[in-house]
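Asker:
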Amino acid sequence: MRVLVVTTWFPSDSRPGEAPFNLEHVRAIALRHDVRVIHVRLGGTAAPSTETYHGIRVRRVSFSPKRPAQALKALGEIRRAVRSADILHTMAYSSVLVMALANAFSRVPWVHTEHWSGVTDPARTGGLWLRLAWLRRLLRLPDKLTGVTTQLTEVLARFGRPGATSVVPCVVENSSPITAAPFGDTVELVAVGGLVPGKRPLLAVETLAWLVAHGHPAHLTWLGTGPLASETEELAGRLEVSDSLTLAGSLPLRQVFDHLAAGDLFFLPTAHENFLTSAAEALSAGRAVVVPASGGYRDYVDDGNGELVEEATPAAFGAAILRAVERFREVDPHTLAEPIRARFSLDTVGAAFDALYRDLTASR
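So the sequence shown is numbered by my numbering: it starts at 25 and just counts up by one.
#1: Applying the criterion that 16 or more other CB atoms from any shown protein chain within 10 Å of the CB defines a buried residue, is His-78 buried or exposed?
#2: Taking DSSP as the reference, what is the three-state secondary structure of Asp-356?
#3: Give me whichever residues DSSP pairs with Lys-168 in a beta bridge.
#4: Measure the beta-carbon distance from Val-192 to Phe-377 and round it to whole angstroms, keeping in mind my assumption that it falls under 8 Å.
#5: For the stretch 277-290 and the stretch 261-268, state whether three or more C-beta atom pairs, one from each stretch, are separated by less than 8 Å.
#6: Can you look up Glu-335 in the DSSP assignment and give me helix, strand or coil?
#7: Below 6 Å CB to CB, which residues in the same chain sit around Val-214 once its five sequence neighbours on both sides are set aside?
#8: Quick check: the Cα distance between Pro-186 and Phe-352, rounded to an integer number of angstroms?
#9: What residues match up with Leu-213 in a beta bridge as DSSP calls it?
#10: Among Glu-255, Glu-258, Ser-268 and Thr-337, which residue has its Cα nearest to the Cα of Ala-295?
#11: Is it true that the stretch 164-179 meets the stretch 297-311, where meeting means three or more beta-carbon pairs spaced less than 8 Å apart?
#12: Grab me the residues of Thr-203's own chain with a C-beta within less than 6 Å of its C-beta, minus the 5 sequence neighbours each way, in chain order.
#13: Is Asp-110 helix, strand or coil by DSSP?
#14: Since Asn-329 contacts Val-313 with CB under 8 Å, what's their CB separation in whole angstroms?
#15: Could you compute how far the alpha carbon of Asn-46 sits from the alpha carbon of His-238?
#16: Would you list the residues sitting across from Phe-87 in a DSSP beta bridge?
#17: My output table needs one value for Glu-178: the three-state DSSP class, helix, strand or coil.
#18: So who's on the other strand from Met-115, going by DSSP bridges?
#19: Can you give, in chain order, each stretch of the beta strand (DSSP E) that sits fully within the stretch 236-284 and has at least 3 residues?
#20: Taking C-alpha atoms, which residue in Val-106, Arg-107 and Ser-86 lies nearest to Lys-97?
#21: What is the DSSP secondary structure of Ser-387, counted as helix, strand or coil?
#22: Report the option in Gly-319, Leu-66, Ile-345 and Ala-116 whose CA atom is closest to the CA atom of Thr-210.
#23: Give the C-beta separation of Leu-99 and Leu-125 to the nearest angstrom, bearing in mind that I take them to be a contact with Cβ-Cβ under 8 Å.
#24: Need the endpoints of the alpha helix (DSSP H) that Thr-301 sits in, please.
#25: For Arg-131 and Gly-218, what's the separation of their Cα atoms in angstroms?
#26: Ends of the alpha helix (DSSP H) at Glu-197?
#27: Can you grab the Cα-Cα spacing for the pair Gly-222 / Arg-56, in whole Å?
#28: Does DSSP classify Glu-362 as helix, strand or coil?
#29: When the Cα atoms are used, what is the spatial distance from Leu-332 to Pro-72?
#30: Rounded to whole angstroms, what's the CA-CA distance from Leu-232 to Gly-342? Just pull it up for me.
#31: Can you give me the Cβ contacts of Leu-307 inside the same chain, cut-off strictly under 7 Å, excluding the 5 residues immediately before and after it?
#32: Going by beta carbon distance, what residues of the same chain come within less than 6 Å of Thr-137, once the five residues before and after it are set aside?
#33: Where do the N-terminal and C-terminal ends of the beta strand (DSSP E) with Glu-75 fall, by residue?
#34: Going by alpha carbons, who is nearest to Gly-248 out of Asp-37, Glu-101, Pro-357 and Gly-41?
#35: Between Pro-89 and Arg-103, what straight-line distance do the alpha-carbon atoms span, to the nearest angstrom?
#36: Would you kindly report the start and end of the unbroken beta strand (DSSP E) that includes Pro-316?
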């Protein structure tokens, strides 16, 4: 089938970290279908451009209220592209807003995929979205809705058409050899995420200090950047664990997997997540995870591959890390990695979208 993906979130050479999960979903779809992408740059003013990005045909157009003529031209281009497609597939909630303007009267089957935690809990996002969250009612426009977790899909079901929702997870591809964790005298912890309030890096440092203070040597390597970098380092200094903390910055995925393989456990005291791709990547590397007992990642994290922590305190996370060391020290890493690699592979996710498309077109 000819699948047109319209999304307001998509990576580029200048912003490779912008929604890589959407690129992976597109790559999964492309295993079985002819796919092209229109990336709508909200608020942008750059001229339209066309490129092949990671093997995918991508058209980038700008859409800004400050340039109404350009915005209308972009809507017209999207409308024409939809007419030549067998399936319209939007990704990211704001893409639904764009399509509500561009595609109100089209009969092309429409699938929407959502990742954003703001749909699940607007209060956590705050700001203007808290007052505009009623616009989630527009999720009734697509014929089918998919969320990357059960938690997200349950919320989508409140706003979509009856029986229209299903779970299609993120893609996690890891072809690296599966190796045993070192589990030496020092517990090697690895975190992946931005140094931002929602990921709670300061709580991670406090947990590190709790471990050291209780006689358990530990080291935390944090992969990611953000506005809390200086504050994180300053806190580590005050708590006298600077030598136990490494802020490695943002790294290519292959190097992320290298760090995960060199560690003992994945640890991230994040405040709220949907899928939490980095935890799935850690499991795909054969590393157990220590995370809060909230979030959509409970679809795949359980007692068999991690510790789900109820209380967000250094003592609770520290105790969970110590339990994980004892529980997973002798566990074959293949038992952690192989189920994740199979469940979230490009082929498995692509097959799920293919089944959805075929069901949708057969019912027309």
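Quick reminder that beta carbons are idealized off the backbone N, C-alpha and C, glycines included. These numbers were taken from a predicted model, which means no experiment stands behind them.
Answerer: Looking at the coordinates:
#1: exposed
#2: Correct three-state label for Asp-356: coil.
#3: Val-135
#4: 6 Å
#5: no
#6: Here Glu-335 carries a coil assignment [DSSP, helix/strand/coil].
#7: Thr-245, His-283, Leu-284, Gly-287 and Phe-290
#8: 42 Å
#9: BP columns for Leu-213 point to Leu-244 and Leu-289.
#10: Thr-337
#11: yes
#12: Ala-285
#13: Reduced to three states, the DSSP call for Asp-110 is coil.
#14: 7 Å between Cβ atoms; contact.
#15: A direct Cα-Cα distance of roughly 43 Å separates Asn-46 from His-238.
#16: Leu-66
#17: helix
#18: Met-115 is bridged to Thr-31 and Thr-137.
#19: Annotation note: the stretch 236-284 contains the following uninterrupted beta strand (DSSP E) runs of length 3 or greater, listed N- to C-terminal: 242-247 and 269-271.
#20: Ser-86
#21: Ser-387 carries a coil assignment under DSSP once its states are collapsed to helix, strand and coil.
#22: Ile-345
#23: 6 Å
#24: 301-308
#25: 41 Å
#26: Glu-197 -> no alpha helix (DSSP H), and no H or E assigned at all.
#27: 37 Å
#28: helix
#29: 46 Å
#30: 7 Å
#31: Val-313, Asn-329, Leu-360, Ala-361 and Ile-364
#32: Met-115 and Thr-170
#33: Segment 73-77, the beta strand (DSSP E) holding Glu-75.
#34: Gly-41
#35: 18 Å
#36: 313-316
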